[in-house]
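Notes follow the structure.
Protein chains: 2
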Amino acid sequence: MCADCGKRRIERGAHVGLVVQKYGGSSVADAEGIKRVAKRIVEAKKNGHQVVAVVSAMGDTTDELIDLAEQVSPIPAGRELDMLLTAGERISMALLAMAIKNLGHNAQSFTGSQAGVITDSVHNKARIIDVTPGRIKASVDEGNIAIVAGFQGVSQDTKDITTLGRGGSDTTAVALAAALDAEVCEIYTDVDGVFTADPRVVSKARKIDWIAFEDMLELAASGSKVLLHRCVEYARRYNIPIHVRSSFSGLQGTWVSSEPMKQGDKQVEQALISGVAHDTSEAKVTVVGVPDKPGEAASIFRTIADAEINIDMVVQNVSAASTGLTDISFTLPKTEGRKAIDALEKNKGAIGFDSLRYDDQIGKISLVGAGMKTNPGVTADFFTALSNAGVNIELISTSEIRISVVTRKDDVPEAVRAVHSAFGLDSDSDEAVVYGGTGR
Amino acid sequence: MCADCGKRRIERGAHVGLVVQKYGGSSVADAEGIKRVAKRIVEAKKNGHQVVAVVSAMGDTTDELIDLAEQVSPIPAGRELDMLLTAGERISMALLAMAIKNLGHNAQSFTGSQAGVITDSVHNKARIIDVTPGRIKASVDEGNIAIVAGFQGVSQDTKDITTLGRGGSDTTAVALAAALDAEVCEIYTDVDGVFTADPRVVSKARKIDWIAFEDMLELAASGSKVLLHRCVEYARRYNIPIHVRSSFSGLQGTWVSSEPMKQGDKQVEQALISGVAHDTSEAKVTVVGVPDKPGEAASIFRTIADAEINIDMVVQNVSAASTGLTDISFTLPKTEGRKAIDALEKNKGAIGFDSLRYDDQIGKISLVGAGMKTNPGVTADFFTALSNAGVNIELISTSEIRISVVTRKDDVPEAVRAVHSAFGLDSDSDEAVVYGGTGR
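Protein sequences, first through last, are from chains A and B.
At position 82 of the first sequence the residue is numbered 82 (full-length UniProt numbering), and the sequence of numbers has no breaks.
At position 207 of the second sequence the residue is numbered 207 (full-length UniProt numbering), and the sequence of numbers has no breaks.
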């Protein structure tokens, strides 16, 4: 199998297509890292591929630039902050192109704007609305390796430089892969791929060989950090296979795509359970003493939405018959906690509630797998595993292919390990748990 | 007089025009420097001017980026080096715009490309061929302060990012001032202006209040470092007054323009002698034993020109009648010495000479002043001063308004001081030397 595009070598000419590779900041943290990445890019080129490499800023450059900005202005202007931060990828991409040329291959670097990454005008978290990669196409067609700045674009309306927000380089890579009709978008990172759980918490976590877009989306939404939700969403929409792999090894990583693929002669099957994700970055707000009548929840969540806060899970307690009052709890990123409390307090009179409780000592554990659709037993097994581990559940939320629970933050590691083990995901486990007749 | 545009305050409305200011790397070396520059820019805005500020990269950023480039590639590719280096001004200009916004004024930063600085395609030393400052004009007309990256542009043919070479930010400022029909181009630096000699060598050197373009061109060509020749040339062509001044004080600096200007009620007169420049960055090559026949010098200088080396002074000795052989000497930048020797050695047979001598222990002293045109006594006084100081002269070259001599490098400081004093330029001198009837 071709190490780059995943096609079997036996299919002659098949792996001559275009490959988009993305290298994160940790892969290009210093001159040595840049030279290592340059070699890897040249290998893919030697394998016959056209190569477009998307690169992030070196190591901590972005944080250092933000520090500088805060030294001259407590609240840096969005347009200027984007102008500033985009210097980061400009440095890494130019150095990478030089390093490749030094290996005897032609390379050209392109800013987001030059690469045709067109965005809306929302500085610091712009969204890509179009990609017109004419210059990139021309450059690779001339035999060059094209190096593209991740994370940045140009506003369609104002022609100002924009950034896509944290993790935006992955989205740049997938969007370019889609626009260039690439065979694959390789995301190079400092881990070996997507795991069945966070290996720092579950030492027996296994690398996943293949995972469907849907499961990957749920994992990303549930706290898995390897790929961002927005990037996976984009890849699914344009059906671009993603290959998440380490820039420090030559190993195959995790393929994320719509259809299971062959690896050598082996057909990879869809797992019933893809993995266990956890997230300790959220807090819980409880609105206490809300009149149990229509429109009450709406006024609470309208307040939150007006403050531009995204919430995650919501639960409404059963109303106490004696008082006619109920409690409504929801979770949200801790970073938005202050804003949410302020917004609710400000509208206390209009909404009508007794008090607010804020709890940032919570954690969320999520089980993700397409097998849930057809196997009702999964939910029961999940709760049994948590119960056996002595973990108390505070909130529950489910989708077709995911169950999430909120627990005490301190219980999270034990809970993740218990669930991971119960579903046969441990690396020393003989077999994954199989339900009904749909399993392997 | 208006501190910014040089017009007298009494002329109402006159100083509402556009001012281009340029700040070098030492003025914006850190956050404090950026905040100081921001305040100065805001002052000019408050005085009623439209302000466009051209800024260099912070402090040693450019050198640090070149270091990084050399770590990944011994000979960095020109296109990529330009992409890399232009990150430097991107950082300083964005920070400067933020700092200005923090003072309550609107500011927008623009790259060379966004500012319409169109160049040829010679990377690392591109020349400006056009300036189309539509976005800058629109920005200042909307009431913004426009901050523009110096030193950079975009190639007309390839659309690639280019840099103008060292000192290019001054040229950016003058070119923008010309395209925007500015009243003045202010060059802010870390010295108080242009001096009658290098103050590090001549402690009694005086700041020049006004100097004509022609004299400034000769000083720049003769080793004065304050303004680059190319920048002055550009200003003369478009008749843009330059005001060289310190970013660390509020003092008036040196005005460089075509016509002497009034300062308050006082008409500044043209000095007979503008100053004494020196240069110890050159070396002397002597081609020994050249047949004294037509075409011989041509073949030597064709060889040098083919190697793309610019030479400065040339002298041919009187031929010895007995041998029919002569010596030809010329000076050139030390950095080009190796290249020149190699080129001549390679063509030794074709040119026909005995040997080459290379001497990098020389120095050049130049006296510059429009008064020379009409006062033959200047040349005699110059040589008398050097002779009295015991300085031996090796080569002589003159223009209409300049006399230059080559001496031993070690003699340069003493020679400069002697000449400076002889022409009454010392700060404790009562009066400059006056010739004939054309003086003041």
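Glycine included, every Cβ here is placed at the ideal spot set by N, Cα and C.
Interface annotation for the segment 124–157 of chain A against chain B: empty, criterion Cβ-Cβ distance under 7 Å. S387 of chain B and Y238 of chain B have their C-alpha atoms roughly 41 Å apart. The three-state secondary structure of Q114 of chain B, taken from DSSP, is coil. Distances from the CA of L95 of chain A to each of B:F110, B:R79, B:M98, B:G275 were compared; the closest alpha carbon is that of B:R79. Segment contact: the segment 129–136 of chain A against the segment 175–182 of chain A, three or more CB-CB distances shorter than 8 Å; contact assigned. Note on geometry: alpha-carbon atoms of P199 of chain A and A205 of chain A lie some 5 Å from one another. For L332 of chain B against E282 of chain B, the beta-carbon gap comes to about 6 Å, under 8 Å, which counts as contact.
Listed along chain B are V72, each with a C-beta nearer than 8 Å to that of I34 of chain A.
The Cβ-Cβ distance between E394 of chain A and V406 of chain A falls below 8 Å. Distance from L85 of chain A to T111 of chain A at the Cβ level is roughly 12 Å; contact not present, criterion being Cβ atoms closer than 8 Å.
N102 of chain B belongs to the set of residues whose beta carbon lies under 8 Å from a beta carbon in chain A. At least one CB of chain B lies nearer than 8 Å to the CB of M83 of chain A. Cβ atoms of I403 of chain A and S366 of chain A come within 8 Å of each other, at about 7 Å. Judged by beta-carbon spacing, Y234 of chain A lies beyond the 8 Å limit of T189 of chain A, meaning their Cβ atoms are not closer than that value.
The three-state reading of DSSP puts V412 of chain B in helix, counting H, G and I together. Note that the C-beta distance between D60 of chain A and T163 of chain A is not below 8 Å. If one requires a minimum length of 3 residues, the beta strand (DSSP E) runs lying completely within the segment 183–231 of chain A are 184–189, 210–212, in chain order. E394 of chain A has no beta-bridge partner at all, per DSSP. Below the 9 Å Cβ cutoff, chain A contributes no neighbours of A385 of chain B, its closest Cβ being approximately 51 Å away. Residue B:K339 holds the alpha-carbon nearest to the alpha-carbon of E308 of chain B among B:V287, B:K339, B:T286. Not a single C-beta of chain A is nearer than 8 Å to the C-beta of Q361 of chain B. Sequence-distant partners of V391 of chain B (beyond 5 residues in either direction) whose C-beta falls short of 6 Å from its own C-beta, in its chain, are T407, D411, A415. Listed along chain A, the residues sitting closer than 8 Å to L68 of chain B by beta-carbon distance are A31, I91, L95. Secondary structure of Q108 of chain A (DSSP, three-state): strand.
At least one beta carbon of chain B lies nearer than 8 Å to the beta carbon of A87 of chain A.
When Cβ-Cβ separations below 8 Å define contact, E336 of chain A makes no contact with chain B. The beta-carbon distance between A107 of chain A and I145 of chain A, rounded to whole angstroms, is 4 Å. This is short enough to meet the 8 Å contact definition. By the neighbour-count criterion, in which 16 or more other beta carbons inside 10 Å mark a residue as buried, Q50 of chain B falls on the buried side. Considering only A:G289, A:S274, A:M313, A:A197, the residue with the shortest C-alpha distance to G324 of chain A is A:G289. Interface with chain B (8 Å Cβ-Cβ cutoff): Q108 of chain A is included. For L228 of chain B, the closest Cβ of chain A is not nearer than 8 Å. Residue range 61–72 is occupied by the alpha helix (DSSP H) that includes Q71 of chain B. Within the model, the alpha-carbon separation for I351 of chain B versus I396 of chain B is close to 25 Å. For A99 of chain A, the chain B residues whose Cβ falls inside 7 Å of its Cβ are V72, S73, in order along the chain. The beta carbon of V318 of chain A lies closer than 8 Å to those of T326 in the same chain, with the five residues before and after it left out. Neighbours of L65 of chain B in chain A, taken as residues at a C-beta separation under 8 Å, are given in chain order as I91.
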